[in-house]
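Engineer: I have a structure I would like to understand better, so I am pasting it below and will then ask my questions one at a time.
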Amino acid sequence: MSFRKRQIAVALILIALFPLSVFGWGRTGHRIINSSAVKHLPADLSLFIRNAAYLADHSSDADYRRYTDSTEGRKHYLDMENFSEYISHSFPSDYSVVLAKYGEATLSSYGINPWATVWTLDSVTACLRRGDSTKALAFAADLGHYVGDAHQPLHATRRYNNDHNVHTRYETSMIDRYQSEIAVTPEIAHYVKDPFAFVLNYLYASNALVDSLYSADARASQAANYDYDSPTYYAVLWSGTRSFTLRQIQSASVDFASLLLTAWMNAQKSTDAGDLQPAIRQESSPYFAVYPNPFRSTGCEDVGPVMEFVIGSQALVKLSVFNVLGERVASLFDAPLPPGKYFTCLDSSRLTSGVYFALLHVNDRTVSRNVIFLK
Numbered sequence: 184m185s186f187r188k189r190q191i192a193v194a195l196i197l198i199a200l201f202p203l204s205v206f207g208w209g210r211t212g213h214r215i216i217n218s219s220a221v222k223h224l225p226a227d228l229s230l231f232i233r234n235a236a237y238l239a240d241h242s243s244d245a246d247y248r249r250y251t252d253s254t255e256g257r258k259h260y261l262d263m264e265n266f267s268e269y270i271s272h273s274f275p276s277d278y279s280v281v282l283a284k285y286g287e288a289t290l291s292s293y294g295i296n297p298w299a300t301v302w303t304l305d306s307v308t309a310c311l312r313r314g315d316s317t318k319a320l321a322f323a324a325d326l327g328h329y330v331g332d333a334h335q336p337l338h339a340t341r342r343y344n345n346d347h348n349v350h351t352r353y354e355t356s357m358i359d360r361y362q363s364e365i366a367v368t369p370e371i372a373h374y375v376k377d378p379f380a381f382v383l384n385y386l387y388a389s390n391a392l393v394d395s396l397y398s399a400d401a402r403a404s405q406a407a408n409y410d411y412d413s414p415t416y417y418a419v420l421w422s423g424t425r426s427f428t429l430r431q432i433q434s435a436s437v438d439f440a441s442l443l444l445t446a447w448m449n450a451q452k453s454t455d456a457g458d459l460q461p462a463i464r465q466e467s468s469p470y471f472a473v474y475p476n477p478f479r480s481t482g483c484e485d486v487g488p489v490m491e492f493v494i495g496s497q498a499l500v501k502l503s504v505f506n507v508l509g510e511r512v513a514s515l516f517d518a519p520l521p522p523g524k525y526f527t528c529l530d531s532s533r534l535t536s537g538v539y540f541a542l543l544h545v546n547d548r549t550v551s552r553n554v555i556f557l558k
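Under our numbering, the first residue of the sequence shown is numbered 184, with each subsequent residue one higher.
Okay, structure coming up:
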């Protein structure tokens with residue numbers, strides 16, 4: 184038996200002994216995220232659209248490698264609070280700077296998800312540029328996995344588990360039980376100018392949900408009399424996390440699609456906006472941005488956060504903000520508007536710190552953005 188075959192055999196044995204439920208969203212969640220990403224892509228990205236089944240089937244390949252590659256595990260998470268850059272939101276994009284400061288052993292423990300995500304994005308881009316569709320798809324499946332992991336709140340914190348293994352119960356056992364209630368709706372993928380900042384943004388959004396998840400677990404534990412295998416435990420846990428779990432899976436799917444679109448566009452001759460193909464510009468509208476994000480202001484007089492969007496033709500526009508429970512906290516637009524660029528501001532004076540979701544509806548299209556308020 185060759186060395187490679189022995190590696191595969193060992194991996195299969197370990198998978199049987201230690202299921203993938205301890206990693207990421209588990210098989211079910213990762214399949215949903217990877218397969219649904221193509222819903223958000225323009226038709227030009229036919230390679231990925233035609234191979235949605237491949238992206239789903241290989242959505243957990245990165246987890247399999249954890250059994251045979253000692254460098255793989257650290258790519259799946261970021262224990263954000265362990266880094267001195269956490270409070271200041273100043274994680275350096277240059278991995279050599281982080282490596283020199285913390286050392287390989289420490290980073291192996293703390294995690295390197297944002298850097299690994301960008302490396303994988305670069306690999307997808309390089310494969311597309313040279314026309315290697317087979318490897319492009321393989322790297323794309325891994326990219327979706329790393330994006331998915333980073334949207335699981337317990338993969339963005341050093342508080343990744345407790346004494347009754349809420350990590351696995353939340354991301355796999357609960358998801359498997361309620362997968363029929365998970366539906367990803369089509370949005371519009373957008374070009375990502377700064378992939379590292381983009382990844383950090385959704386990692387911070389995930390990190391901000393950790394307290395909410397543990398609170399839901401505490402309520403579920405008490406309701407089930409601490410029987411963690413009971414239907415009551417999972418019913419209460421799902422009730423308490425359903426809104427933000429659906430939002431995180433939706434966001435993971437859209438963010439993965441946006442990175443695929445970015446790889447495809449970067450693989451073209453030029454990434455300058457003036458050189459982008461008109462079809463892509465059209466498919467990527469409406470443009471929707473929130474800045475600064477995260478933000479600390481308490482009212483519009485502090486100029487933040489500004490919400491900016493662009494529509495190319497007359498449209499019925501609705502812009503609302505929701506909390507993690509799915510409750511509307513602000514309605515900023517609800518009217519027909521002529522084409523143009525629009526700005527508005529979210530008055531956060533009555534909001535508490537946490538993650539919010541801004542949803543922009545333009546006719547039958549919907550674009551969402553995570554908004555993080557640090558009071």
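From the three backbone atoms N, C-alpha and C, an ideal C-beta is built for every residue, glycine too.
Just so we're clear, the structure is a prediction, and the values are computed from it rather than from any experiment.
Roughly how many angstroms lie between the CA atoms of residue 554 and residue 327, to the nearest whole one?
Structural biologist: Approximately 22 Å, taken between the alpha carbons.
Engineer: Going by alpha carbons, who is nearest to residue 291 out of 303, 270, 266?
Structural biologist: Nearest C-alpha to residue 291: 266.
Engineer: For residue 278, which residues of its own chain have a beta-carbon under 6 Å away from its beta-carbon, when the five flanking residues on both sides are left out?
Structural biologist: The residues are 298.
Engineer: Within a Cβ cutoff of 7 Å, which residues of the same chain sit near residue 463, ignoring the five residues on either side of it in sequence?
Structural biologist: Only weak support exists for where residue 463 lies, its pLDDT of 41 falling under 50; the value from the coordinates is given anyway. Cβ within range, chain order: 225, 227, 448.
Engineer: Check whether the Cβ atoms of residue 431 and residue 336 sit closer than 9 Å, and answer yes or no.
Structural biologist: Yes; because the gap between Cβ atoms is below 9 Å, this pair is in contact.
Engineer: Span of the alpha helix (DSSP H) holding residue 300?
Structural biologist: From DSSP, the alpha helix (DSSP H) with residue 300 extends over 296-312.
Engineer: Among 269, 498, 401, 501, whose alpha-carbon lies nearest the alpha-carbon of residue 344?
Structural biologist: Among 269, 498, 401, 501, the Cα nearest to that of residue 344 belongs to 401.
Engineer: Closest to residue 357 by CA distance: which of 411, 367, 513 is it?
Structural biologist: Of 411, 367, 513, the residue nearest in Cα terms is 411.
Engineer: Tell me which residues share the same chain as residue 512 and place their Cβ nearer than 6 Å to its Cβ, disregarding the 5 neighbours each side in the sequence.
Structural biologist: The residues are 504, 506.
Engineer: Just tell me which of 427, 369, 407, 314 has its CA closest to the CA of residue 510.
Structural biologist: It is 427.
Engineer: If we ignore side chains and look at the alpha-carbon of each, how far apart do residue 494 and residue 548 end up?
Structural biologist: Their backbone Cα atoms lie some 11 Å apart in a straight line.
Engineer: Quick one: measure Cβ to Cβ for residue 442 and residue 304, integer angstroms, because I've assumed they're closer than 8 Å.
Structural biologist: So it is a contact: roughly 5 Å between Cβ atoms.
Engineer: Pick from 488, 246, 477, 293: whose alpha carbon is nearest that of residue 528?
Structural biologist: Measuring from the Cα of residue 528, the nearest candidate turns out to be 488.
Engineer: Between the alpha carbons of residue 240 and residue 322, how many angstroms are there, rounded?
Structural biologist: For residue 240 and residue 322, the distance between alpha carbons rounds to 13 Å.
Engineer: For residue 264, which of helix, strand or coil comes out of DSSP?
Structural biologist: Helix at residue 264.
Engineer: DSSP on residue 540, reduced to helix/strand/coil?
Structural biologist: Residue 540 falls in the strand class under three-state DSSP.
Engineer: Measure the alpha-carbon distance for residue 425 versus residue 351 and round it to whole angstroms.
Structural biologist: Roughly 16 Å separates the two Cα atoms.
Engineer: Between 236, 542, 413, which has its C-alpha nearest residue 490's C-alpha?
Structural biologist: Comparing Cα positions, the closest option is 542.
Engineer: Please state if the CB of residue 324 and the CB of residue 146 are separated by a distance shorter than 9 Å.
Structural biologist: Limits of the chain in this structure are 184 at one end and 558 at the other, which puts residue 146 out of reach.
Engineer: How should residue 384 be labelled, buried or exposed, when 16 other C-beta atoms within 10 angstroms of its C-beta is the threshold for buried?
Structural biologist: Burial call: buried.
Engineer: Going by CA-CA distance only, name the one from 540, 359, 544 that's closest to residue 517.
Structural biologist: Minimum Cα distance to residue 517 is reached at 544.
Engineer: Please state if the CB of residue 392 and the CB of residue 349 are separated by a distance shorter than 9 Å.
Structural biologist: No, the Cβ-Cβ distance between residue 349 and residue 392 is not below 9 Å.
Engineer: Please state if the CB of residue 360 and the CB of residue 302 are separated by a distance shorter than 9 Å.
Structural biologist: It is not a contact, given that the beta carbons lie outside the stated cut-off.
Engineer: Check whether the Cβ atoms of residue 540 and residue 217 lie closer than 9 Å to each other.
Structural biologist: No, the Cβ-Cβ distance between residue 540 and residue 217 is not below 9 Å.
Engineer: Where residue 221 and residue 316 are concerned, what is the direct C-alpha to C-alpha distance, given to the nearest angstrom?
Structural biologist: Cα to Cα, the separation comes out at about 16 Å.
Engineer: Give the secondary structure of residue 361 by DSSP, where H, G and I count as helix, E and B as strand, and everything else as coil.
Structural biologist: Three-state result, residue 361: helix.
Engineer: Identify the residues that DSSP records as bridge partners of residue 256: which are they?
Structural biologist: Partner(s): none; residue 256 has no beta bridge.
Engineer: For residue 517, does the three-state DSSP call read helix, strand or coil?
Structural biologist: In this structure, residue 517 counts as strand in the three-state DSSP scheme.
Engineer: For residue 293, which residues of its own chain have a beta-carbon under 6 Å away from its beta-carbon, when the five flanking residues on both sides are left out?
Structural biologist: For residue 293, where only same-chain residues beyond five positions count, the Cβ hits under 6 Å are 262, 265.
Engineer: What did DSSP end up calling residue 243 once you bin it into helix, strand or coil?
Structural biologist: Looking at residue 243 - three-state DSSP - the assignment turns out to be coil, as it is neither helix nor strand.
Engineer: Can you give the Cα-Cα distance for residue 269 and residue 256, rounded to whole angstroms?
Structural biologist: Between residue 269 and residue 256, the C-alpha separation is close to 21 Å.
Engineer: Hey, how far is the Cα of residue 406 from the Cα of residue 332?
Structural biologist: For residue 406 and residue 332, the distance between alpha carbons rounds to 29 Å.
Engineer: Residues in the same chain with beta-carbon distance under 6 Å from residue 282, minus the five sequence neighbours each way, listed in chain order, please.
Structural biologist: Closer than 6 Å at the Cβ level, and outside the excluded window around residue 282, lies no residue.
Engineer: Can you pull the DSSP bridge partners for residue 501?
Structural biologist: The partner list for residue 501 (beta bridge, DSSP) reads 517, 544.
Engineer: Measure from the alpha carbon of residue 313 to the alpha carbon of each residue in 451, 479, 537, then state which is nearest.
Structural biologist: Closest option to residue 313, Cα to Cα, is 451.
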